[in-house]
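According to numbering that gives the first Met the number 0, the sequence shown holds residues 0 to 388 in order. Beta carbons: idealized from backbone N, C-alpha and C, even for Gly. In this text, all values refer to a predicted model and were calculated from it rather than measured experimentally. Working notes, structure below.
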Amino acid sequence: MVAEILIGRIGRRPPAEALKIVSASGSGTSVHWSKIAILGTLASALILSFYCVVSGWGVHYLWMSLSGLQVGSVAKAEVIFNDFLGRPSLLLGYGTLFLIMTFGVSAFKVNNGIERLNDMLMPFLYTILIVLVIYAATLPGFTKALHYILHPNWSELKPSMLLTAMGMAFFTLATGACCLMAYGAYMPQTQSILFSVSVVAVINLVVTLCAGIAIFSIVFSYGMSASSGPGLIFMALPVALKDMPFGLLIMPVFFFLLLIACWTSSVNLAEPLVATLSHKMNSRLKGTCCSALIVWCLGLIPAFSFNILKNIKFFGQDLFSLYTGLATDIFLPVTGFLILLFTGRAMKQQYFIQQMNLNQFWGKFWYFLVKYVGPLGLLLIFLTNFVKA
């Protein structure tokens, strides 16, 4: 995160152009490093394509909750969800609607409107999440959920899990997709990069743990499978909320706020592709429309992987798992690795310290992490998985 944001803030341009500017202003490294942005932008486009599909589920459940969604049991919740996944026209329709919402904002840049909306509504989402955690503490599956999430079982630790965890970290922090590079271009020079990334990382961890505790408490209390996949929240929450006081009122509010959270994140994911194509076409509107078409076409694969193409498997995995794994477990870490190599090669230590606005001690410490520790750690995880494979 530090390296990506720093490159964007120095370059003040779309990712590829920012990499060229840093190459020239640093130690004069080859401008061919700018091709890293191609891989990062492709990763963000792939992620956004399945992100729109999954976020479309949120649109569907918001509409159903407003229409009086009644879920009497876990079995009923699973039937409703699986029936939805089995209808390609619905899946594609809601995914397309969410895609239009995303690029409708991107066409006018990330303006104050969506930022203010985010600032106003996210505290409500966090409040409801806390309420769900408190409610989860009253459920019989709460203790089992805490043990499931927090108790380490070292015998189950495998190299493939490290790769998955790394991919999850890259995905949830939006690193390796050039998104942070694109947004770093807007960051004021006086704003602390370290403080910003620290706040994001801490809040991300806290929200993830709270969501996990709330959802898995419900899962274990109602006898659901912990390996139900990405639709778990859409099956677990309606079941739990039906028994909560004012649950039927909370349900549409929760799905609305979840939709807003997905919306702002998707605008973030769209920015590298939109910024790149807008720069090449010299038109924000044309770049946005072209980006939307590309992402929509890519999204056909994950949308149809639950129905028309559900029986197609590669290496024992369904298309959706393979598609998402390729983007999050391979593309993001590889791009992140190249960004770290570039930063350590293109920036001399003193230049890095100066641009980070740090004193000598902390500047040298973070330069050491970016240049040596980060790349080595990523490389070791990849090599361990390939050797074991």
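Using the Cβ count rule (16 or more neighbours within 10 Å means buried), how would you classify Y371?
Along the sequence shown, read from residue 1 onward, the residue named residue 371 stands at position 372. Y371 is classed as exposed because its beta carbon has fewer than 16 other beta carbons within 10 Å across all chains shown.
What is the DSSP secondary structure of K279, counted as helix, strand or coil?
Here the question's residue 279 lines up with position 280 in the sequence shown. Three-state DSSP puts K279 in a helix.
Hey, how far is the Cα of V294 from the Cα of Y322?
The residue you call residue 294 lines up with position 295 of the sequence shown. The residue you call residue 322 lines up with position 323 of the sequence shown. Taking the CA atoms as reference points, V294 sits about 14 angstroms from Y322.
Distance, Cα to Cα, L5 vs F169?
Reading the sequence shown from its first residue, position 6 is the one you call residue 5. Reading the sequence shown from its first residue, position 170 is the one you call residue 169. Straight-line Cα distance between these residues: approximately 17 angstroms.
Can you tell which of L284, M165, F313 has the C-alpha that lies nearest to the C-alpha of G376?
On the sequence shown, residue 376 is found 377 positions in, with the first residue counted as 1. G376 has its Cα closest to that of M165, out of L284, M165, F313.
Entirely enclosed alpha helix (DSSP H) segments - the region 185–265, minimum 4 residues:
Here the runs fully enclosed are 192–220, 231–240.
Exposed unless 16 or more other CB atoms sit within 10 angstroms - verdict on Y185
On the sequence shown, position 186 is the one that residue 185 refers to. It is exposed - the Cβ of Y185 has fewer than 16 other Cβ atoms within 10 Å.
In this structure, does DSSP put K157 in helix, strand or coil?
Residue 157 sits at position 158 when you count from the first residue of the sequence shown. Coil at K157, not helix or strand.
Rounded straight-line distance, which links the Cα of L382 to that of L389:
The displayed coordinates of the chain run from 0 to 388. Any statement about residue 389 would go beyond what the structure contains.
Within 10 angstroms of the Cβ of N356, are there 16 or more other Cβ atoms? Answer buried if so, exposed if not.
Your numbering for residue 356 matches position 357 in the sequence shown. The residue in question, N356, is exposed, as its Cβ has fewer than 16 Cβ neighbours within 10 Å.
Local conformation of A349 per DSSP, three classes
Mapped onto the sequence shown, residue 349 falls at position 350. Correcting the residue identity first, residue 349 is Gln in this sequence and not Ala. When DSSP states are grouped into helix, strand and coil, Q349 belongs to the helix group.
Quick check: the Cα distance between M180 and Q359, rounded to an integer number of angstroms?
Sequence index remark: in the sequence shown, residue 180 carries index 181 (1-based). Sequence index remark: in the sequence shown, residue 359 carries index 360 (1-based). Pairing M180 with Q359, the inter-Cα distance amounts to about 24 angstroms.
CB-CB length for A23 against A36, believed under 8 angstroms
Mapped onto the sequence shown, residue 23 falls at position 24. Mapped onto the sequence shown, residue 36 falls at position 37. About 15 angstroms separates the Cβ atoms of A23 and A36, ruling out a contact at the 8 angstroms cut-off.
Does the separation of the CB atoms of A42 and L331 fall below 8 angstroms?
Sequence index remark: in the sequence shown, residue 42 carries index 43 (1-based). Sequence index remark: in the sequence shown, residue 331 carries index 332 (1-based). Their beta carbons are under 8 angstroms apart, which means A42 touches L331 by this criterion.
H146 burial status per 10 Å Cβ neighbour count (16 or more: buried):
Mapped onto the sequence shown, residue 146 falls at position 147. With a 10 Å radius around the Cβ and a threshold of 16 neighbouring Cβ atoms, H146 comes out exposed.
Would you tell me roughly how many angstroms separate the C-alpha atoms of I232 and I214, rounded to the nearest one?
Counting from one through the sequence shown, the residue named residue 232 turns up at place 233. Counting from one through the sequence shown, the residue named residue 214 turns up at place 215. Within the model, the alpha-carbon separation for I232 versus I214 is close to 7 angstroms.
So does the region 286–301 actually touch the region 72–85, counting three or more Cβ pairs closer than 8 angstroms?
Flag = no, the region 286–301 and the region 72–85 do not touch.
Answer yes or no: do V369 and V21 have a C-beta to C-beta separation smaller than 8 angstroms?
As a position in the sequence shown, residue 369 is number 370, starting the count at 1. As a position in the sequence shown, residue 21 is number 22, starting the count at 1. Contact flag unset, no.
Does the count of Cβ pairs from the region 125–135 and the region 200–216 closer than 8 angstroms reach three?
With the cut-off at 8 angstroms, the region 125–135 and the region 200–216 touch.
Alpha carbon to alpha carbon, how far is F219 from Q69?
The count along the sequence shown starts at 1 and reaches residue 219 at position 220. The count along the sequence shown starts at 1 and reaches residue 69 at position 70. Straight-line Cα distance between these residues: approximately 21 angstroms.
DSSP-derived helix/strand/coil call for F313
Residue numbering aside, residue 313 sits at position 314 when the sequence shown is read from its first letter. In this structure, F313 counts as strand in the three-state DSSP scheme.
Put I415 into one of helix, strand or coil per three-state DSSP.
Because residue 415 is not part of the residues shown, which for the chain are 0 to 388, the question remains open.
Indicate the three-state DSSP secondary structure (helix, strand or coil) for C296 in the structure shown.
Numbered from 1 along the sequence shown, position 297 holds the residue referred to as residue 296. Correct three-state label for C296: helix.
Neighbour-count burial assignment, F49, 16 or more Cβ in a 10 Å radius
On the sequence shown, residue 49 is found 50 positions in, with the first residue counted as 1. So F49 ends up on the buried side.
In whole angstroms, what is the alpha-carbon distance linking T327 and L162?
In the sequence shown, residue 327 corresponds to position 328, counting from 1. In the sequence shown, residue 162 corresponds to position 163, counting from 1. Whole-angstrom Cα-Cα distance: 10 angstroms.
Taking only the alpha-carbon atoms, compute the straight-line gap between D82 and S88 and give it to the nearest angstrom.
Indexing the sequence shown from 1 puts residue 82 at position 83. Indexing the sequence shown from 1 puts residue 88 at position 89. Distance from the CA atom of D82 to the CA atom of S88, rounded to whole angstroms, is 12 angstroms.
Let me check understanding here. Comparing Cα to Cα, which of W361, S277, G67 lies closest to F194?
Translated into the one-based positions of the sequence shown, residue 194 becomes position 195. Selected option, being the one with the closest Cα: W361.
Cβ pair Y182, N267 closer than 8 angstroms:
On the sequence shown, position 183 is the one that residue 182 refers to. On the sequence shown, position 268 is the one that residue 267 refers to. In this structure, the beta-carbon distance from Y182 to N267 falls below 8 angstroms.
Can you list, in chain order, the residues of its chain whose CB lies under 7 angstroms from that of F303, leaving out five sequence neighbours each side?
For the purposes of this step, residue 303 is taken as the residue at position 304 of the sequence shown. Non-local beta-carbon contacts of F303 in its own chain, meaning distances under 7 angstroms to residues more than five positions away in sequence, involve P87 in chain order.
Whose C-alpha, out of C178, K312, P151, C209, is nearest the C-alpha of V130?
If you number the sequence shown from 1, residue 130 lands on position 131. The shortest CA-to-CA distance from V130 to any of C178, K312, P151, C209 is the one to C209.
Pairwise C-alpha distance: R11 and S320
The residue you call residue 320 lines up with position 321 of the sequence shown. The residue you call residue 11 lines up with position 12 of the sequence shown. Rounded to the nearest angstrom, the two C-alpha atoms are 36 angstroms apart.
On the criterion of 16 or more Cβ atoms from any shown chain inside 10 Å, does A17 qualify as buried, or is it exposed?
For this step, residue 17 is matched to residue 18 along the sequence shown. It counts as buried.
Secondary structure at R86, three-state DSSP: helix, strand or coil?
What you label residue 86 is simply residue 87 of the sequence shown in a count that begins at 1. DSSP places R86 in the coil class of the three-state scheme, outside both helix and strand.
Taking its Cβ as the centre, do 16 or more other Cβ atoms sit within 10 Å of A225, making it buried, or is it exposed?
Locating residue 225 in the sequence shown gives position 226, where the first residue counts as 1. Its Cβ having fewer than 16 others within 10 Å, A225 is exposed.
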